Amino acid sequence: MSNEQTSQSIIAADVEITGTIKTASAIRIDGKLDGELNCAADAVIGKKAVIKGNLSVNSVIVEGNVQGNITAKDKIDMKASAKVNGDISSKRLAVEDGVTFIGRSEVNPSGTGAAVPGTPEPKP
Numbered sequence: 005m006s007n008e009q010t011s012q013s014i015i016a017a018d019v020e021i022t023g024t025i026k027t028a029s030a031i032r033i034d035g036k037l038d039g040e041l042n043c044a045a046d047a048v049i050g051k052k053a054v055i056k057g058n059l060s061v062n063s064v065i066v067e068g069n070v071q072g073n074i075t076a077k078d079k080i081d082m083k084a085s086a087k088v089n090g091d092i093s094s095k096r097l098a099v100e101d102g103v104t105f106i107g108r109s110e111v112n113p114s115g116t117g118a119a120v121p122g123t124p125e126p127k128p
């Protein structure tokens, strides 16, 4: 058994928060957040969660409602119950059948950034 402990904060379904949440460890939100989430680790947005604000995370599983942009360093995983209204950006993206998504997506496995609009593609 390892001596390392991983902590996870849980925002229960009956909790409403207005403001910015900043955390270095994992978080699960089942309640309401009117503000931003800045999480250096992984996040889970539960089925009953309602978030009005931008998310900046390592990876995220979205099951609930997000009204804002999502930026993930690694992966965004949208489950069938997810409703996302905002732009998303990550290295990897998984979308289940049934997701409601209104916005733009940028998926870039190399993580080098998107080409500038109007810039011609390099030719081999």
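Residue numbers (the working numbering): 5 to 128. Built from N, CA and C at the ideal position, the CB exists for glycine as well. Remember, predicted model here, so these are calculated numbers, not experimental data.
In angstroms, rounded to a whole number, what distance separates the CA positions of residue i and residue j?
i      : j      : result
Gln12  : Ala53  : 17 Å
Glu20  : Asp46  : 20 Å
Ser109 : Lys36  : 24 Å
Ile14  : Asp34  : 8 Å
Ile49  : Pro113 : 23 Å
Gly57  : Asn89  : 10 Å
Glu40  : Thr75  : 11 Å
Asp91  : Asp18  : 27 Å
For residue i, does the three-state DSSP call read helix, strand or coil?
i      : result
Ser63  : strand
Val103 : coil
Ser11  : coil
Arg32  : strand
Ala45  : coil
Lys87  : strand
Around the Cβ of residue i, are there at least 16 other Cβ atoms within 10 angstroms (buried) or fewer (exposed)?
i      : result
Ile80  : buried
Gly102 : exposed
Ala84  : exposed
Ala30  : buried
Glu67  : buried
Ala86  : buried
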